[in-house]
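In our numbering, the protein residues as written are 58 to 334.
Laid out in structure tokens, this is it:
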């Protein structure tokens, strides 16, 4: 008799479950890896999502909210002109996104008091800008470049993909079985929030964020050269410093990355470089 009612009627799944009941876990897992039954397990409950290890959008928002509360308790929030400026640029960038990206994520924009040259995004939408970076930004196009970059990390779900990769590495095949039967489990919200705050991006993710941020800032009416000016400012900030600004340790600025953005502007956005900065 099929005990897992929601899977009854699927011959492949029923076969897997019967084999699991009959054999030891170790023997069963060994045969899963060699006999091709893993595919049946991995697809049992995946109508809504392609990756059972990846936090859902609602889970990403919960983690982002928890991390946001932790940060707002640790730092002094800056209100006034700087906050209004960041929120104005951020909302203009949001308005230029397509409807899905505009409405899915809960973008909120904060300025916090710190000499660190840094900005970062949390899963689900919260964006933080440190005054150490804000004070060095010359114009709204530069501000749009860094803000659009961070917003792209959110909508491409880079944090959630990093969590999925970590879970797969740690849990392996046993994790696939357990998560499938248990409809997935989450680490504690606090642990996930810490991972969201401490996340460092790969080169590919930085490139994706540059591309998405550039596209968004141009659609919002900003000069694409603002991204190159941002890069130049960050490079200048490293001179004479024993270590790079915090933003560059989390978002490595390579010459390859700079050249790619220059080429992208020349090939795709050159018509918009006469916009006021």
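Ideal placement from N, C-alpha and C gives every residue a C-beta, glycine not left out.
(message) Assuming residue 308 is part of the beta strand (DSSP E), what are its boundary residues?
(response) No beta strand (DSSP E) contains residue 308, which DSSP labels as neither H nor E.
(message) At the level of alpha carbons, what is the spacing between residue 123 and residue 183?
(response) 11 Å
(request) Output the distance between the C-alpha atoms of residue 130 and residue 185, rounded to the nearest integer angstrom. (result) 13 Å
(request) Taking only the alpha-carbon atoms, compute the straight-line gap between residue 151 and residue 179 and give it to the nearest angstrom. (result) 16 Å
(request) Put residue 178 into one of helix, strand or coil per three-state DSSP. (result) strand
(message) Give me, in chain order, the residues of the same chain whose beta-carbon lies closer than 6 Å to that of residue 269; leave out the 5 immediate sequence neighbours on both sides.
(response) 209
(message) Between the alpha carbons of residue 160 and residue 117, how many angstroms are there, rounded?
(response) 15 Å
(request) Please say whether residue 190 and residue 174 have beta carbons closer to each other than 7 Å? (result) yes
(message) Just to confirm before moving on: does the CB-CB distance between residue 204 and residue 146 stay below 7 Å?
(response) yes
(request) Determine the extent of the beta strand (DSSP E) in which residue 186 is found, giving its start and end residues. (result) 183-187
(request) Would you be able to state if there are at least three C-beta pairs under 8 Å between the segment 161-172 and the segment 217-228? (result) no
(message) Does residue 198 pass the burial test, meaning 16 or more other C-beta atoms within 10 Å, or should it be called exposed?
(response) buried
(request) Count the other CB atoms, across all protein chains shown, that sit within 10 Å of the CB of residue 141; report buried if there are 16 or more and exposed otherwise. (result) exposed
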